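Going down the list, the protein sequences come from chains B and P.
Residues in the first sequence are numbered consecutively from 1, following the numbering used here.
Residues in the second sequence are numbered consecutively from 1001, following the numbering used here.
Where is the CB? At the ideal position from N, CA and C, for every residue including glycine.
Since the model is a prediction, treat every value here as computed from it, not as a measurement.
So the structure is just underneath, and the comments pick up after that.
Protein chains: 2
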Amino acid sequence: MKLASLKDGRDGRLVVVSDDLAWYAPADAIAPTLQAALDDWERCEPHLRALAETLEHGGVPRERFHEHEAASPLPRAYQWADGSAYVNHVALVRQARGAEMPESFWTDPLMYQGGSDGFLGPRDAIPLSDPSWGLDLEAEVAVITGDVPQGASPEAALAAVRLVMLCNDVSLRNLIPGEIAKGFGFFQAKPASAFSPVAVTPDSLQGWRAGKLHGSLEVELNGEPLGRADAGVDMTFDFGQLVAHAARTRSLAAGSIIGSGTVSNRGPDGGPGQPVAAGGVGYSCLAELRTVETLADGQARTPFLKAGDVVRIEMRDGRRHTIFGAIEQQVEAT
Amino acid sequence: MKLASLKDGRDGRLVVVSDDLAWYAPADAIAPTLQAALDDWERCEPHLRALAETLEHGGVPRERFHEHEAASPLPRAYQWADGSAYVNHVALVRQARGAEMPESFWTDPLMYQGGSDGFLGPRDAIPLSDPSWGLDLEAEVAVITGDVPQGASPEAALAAVRLVMLCNDVSLRNLIPGEIAKGFGFFQAKPASAFSPVAVTPDSLQGWRAGKLHGSLEVELNGEPLGRADAGVDMTFDFGQLVAHAARTRSLAAGSIIGSGTVSNRGPDGGPGQPVAAGGVGYSCLAELRTVETLADGQARTPFLKAGDVVRIEMRDGRRHTIFGAIEQQVEAT
């Protein structure tokens, strides 16, 4: 089942989307918003699934689904917590700035609490008021959970995953070192993120296995391929582990979004991977590319994002059909 | 005007409360929940104020208001960001663990993104599943904002403050050093917070001046006074500055909660204050008391909270009448 929120007020309007993303059927008779559906999932889910089934067979009034009319599936949420599950990425970035990475990072997930009061839509511009902040994209996978009790096991946490989507976790790289030094975590360095036009239940995802989404995460910058890393590879912590980590000392309410962190694959030799142009799987953010450049040449060549740049994040199935629709955002000076 | 959310479902039921907290009138004909009222404040505020005025004069059907029937004013929120505006407190805690405090902490606010998907009610038990986590209270002042545009000045940010309340920012002290070392900020160390039964508009607060709430924040542990610090004293950053800090790189949506951090006053000699029993204003959290003990005797004597302990946080007006109602929570082993 695929769900989306058409832009409408602060929370959007819930629709069920056909598997090929061509059609939608309004679902607001079942629940006005995705958050409302998640709040009352046991009642809503069977109705939504029945509607999706009928939509697939053309047995219900339907409208053309246009990705640019979609907000993020949860236009605002009560929780957004982002892990850093591709520890390879963390090790690389630390290596480039000469900082040691504690061994515990391989066993104890990193996770930060993100702002969730308003997300960008998947086709919304990324506002940038100061280019010196070092604007970057981060292509990720994210899940939306149901209610998760405090202390849930990774297995129970995984069973609470309701929906899967893609994310552009917008980051202001040059504000990060200062915030890490302050010790209170990221805040100003993490403006609003964007999510894919469509969120998908795990059972509808061929690539969903053991809490990981297998498949190439296609990342483009200005029409050129930047990354093709497989989101199911080199993921040190699966979503069951990430959600359980988030729920270790407190329960999570329905509609909590938990992110994977920037997707990143090692190269065949275990070191940093090659750029796509050189036959590698490339990178899911500019920071990692800049890190590889720094390790190779002593300095980064690729600049951070500037006004006019366009980033695109998408994943396709075995027949090259889009699964979640595309996040496609242009940077806009404000 | 005073507003509260009676316990009812995930978001409570909005009511207007009389100034003396004796009565309430249902406000759900104006907006079903406080979040809904904040989402549409320009339309709702005059109606809510008219209802409050009528309630004060007994001209509307009214019911007895019982603080224990109230949820936190926003039982869940789209954002909870907590500052650390009483820099005195930060300096003290650092001093006790032999860590230097950067000079910039006096000019650049500390702020962390907290979890907001579910708050404890003001009379709810504080669940504790592992006493070794080092459970502590933190008595604070917090504001709820309207929409704040990115880059808002401190003056504009202050004008966007809709409501003021008290907070118990529950903390797990022994998890904090590990999370600070990881660099991603607090997460597991900050389980659900609780807020006062009633939220109050700034114009109804005699002690609200220049973005600070002046008045003694009464903190009790097991019926004994722990703190009487004045929330308007030694607050390095006012709420206009805190909200502007939060909005530096991104807009804040209506219903964002911004906290002051643990209220803390210096002693008359500029150093750490004395306990209440010794004639001082005491402390708004156990960590500060333990810090003072460590500085004086080389080790902390007061243990963190254990099952059965009761914490109480309240502020009274010049006639000793409660302003926000009391946060009163018992620690419960789970």
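Three or more pairs of CB atoms, one per stretch, sit closer than 8 Å, so the segment 59-74 of chain B contacts the segment 15-23 of chain B. In the DSSP secondary-structure assignment, LEU252(B) is bridged to VAL148(B). Residues of chain P whose Cβ lies closer than 8 Å to the Cβ of PHE186(B) are, in chain order, GLN1113, PHE1184, GLY1185. Of all residues in the segment 1121-1132 of chain P, the ones placed with a Cβ closer than 9 Å to any Cβ belonging to chain B are PRO1127, SER1129, ASP1130, in chain order.
Close to chain B, meaning a Cβ-Cβ distance shorter than 8 Å, are the following residues of the segment 1131-1155 of chain P: TRP1133, GLN1150, GLY1151.
Here DSSP, grouped into helix, strand and coil, assigns PRO1154(P) to helix.
DSSP places LEU137(B) in no alpha helix (DSSP H); its state is neither H nor E.
Setting aside the 5 residues that flank it on each side, VAL219(B) is surrounded in the same chain by ALA139, LEU226, GLY227, SER284, ILE313, each with a C-beta closer than 6 Å to its C-beta; the list follows chain order.
Under the three-state reduction of DSSP output, PRO1026(P) falls in the strand class. Here LEU1120(P) has ALA1192, ALA1194 as same chain residues with Cβ atoms under 6 Å from its own Cβ, once five neighbours each way along the sequence are excluded. Closer than 8 Å at the C-beta level to chain P, one finds these residues of the segment 75-89 of chain B: ARG76, ALA77, TYR78, GLN79, ALA81, SER84. For the segment 1219-1250 of chain P, the full-length alpha helix (DSSP H) segments reaching 4 residues or more read 1239-1246 along the chain. From the beta-carbon of GLY1118(P), the residues of chain B found nearer than 7 Å are SER251, ALA253. Ranked by Cα distance from ALA189(B), the options PRO127(B), GLY134(B), ALA29(B) are led by GLY134(B). Minimum Cα-Cα distance from ILE144(B) among the listed residues ASN1222(P), ALA1152(P), ASP1117(P) corresponds to ASP1117(P). Shown here, ARG1013(P) sits in a strand according to DSSP, grouped into three states. Looking only at MET315(B), ARG49(B), ARG10(B), the smallest Cα-Cα distance to ALA1037(P) is reached by ARG10(B). Each residue's CA atom was taken as its position, placing LEU1286(P) and PRO1127(P) some 18 Å apart. If you look at TRP1041(P), you'll find it in the alpha helix (DSSP H) that goes 1041-1056. With three or more CB-CB distances shorter than 8 Å, the segment 1045-1063 of chain P counts as touching the segment 1025-1032 of chain P. Partner residues in a beta bridge of LEU1289(P), as assigned by DSSP, do not exist. If the five residues before and after SER251(B) are omitted, its C-beta is found closer than 8 Å to the C-beta atoms of ASP147, VAL148, PRO149, GLN150, all from its own chain and listed in chain order.
The shortest CA-to-CA distance from PRO154(B) to any of MET111(B), GLY98(B), GLU224(B), GLY211(B) is the one to GLY211(B).
For HIS1047(P), no CB of chain B lies under 9 Å from its own CB, so it is not counted at the interface with that chain. ILE1030(P) has a beta carbon lying at 9 Å or more from every beta carbon in chain B. Looking from the CA of LYS306(B), the closest CA among GLN274(B), VAL331(B), VAL93(B) belongs to VAL331(B). By the rule that beta-carbons nearer than 9 Å mark a contact, ILE1180(P) touches chain B. With fewer than 16 other CB atoms across the displayed protein chains lying within 10 angstroms of its CB, HIS1321(P) is exposed. Remark: C-beta atoms of ALA142(B) and ILE258(B) approach each other more closely than 9 Å. When the beta-carbon positions are compared, MET111(B) and PHE1184(P) come within less than 9 Å of each other.
DSSP, reduced to helix, strand and coil, places ARG1062(P) outside both helices and strands of the structure shown, so it counts as coil. With a minimum length of 3 residues, the unbroken runs of beta strand (DSSP E) contained wholly in the segment 1090-1124 of chain P fall at 1111-1114. Three or more Cβ pairs closer than 8 Å define a contact, and the segment 32-51 of chain B meets that threshold against the segment 237-256 of chain B. Rounded to the nearest whole angstrom, the CA to CA distance from LEU1217(P) to THR1054(P) is 30 Å.
Rounded to whole angstroms, GLU45(B) and ALA229(B) show a C-alpha spacing of 32 Å. It is roughly 21 Å from the alpha-carbon of GLY1058(P) to the alpha-carbon of GLY1325(P).
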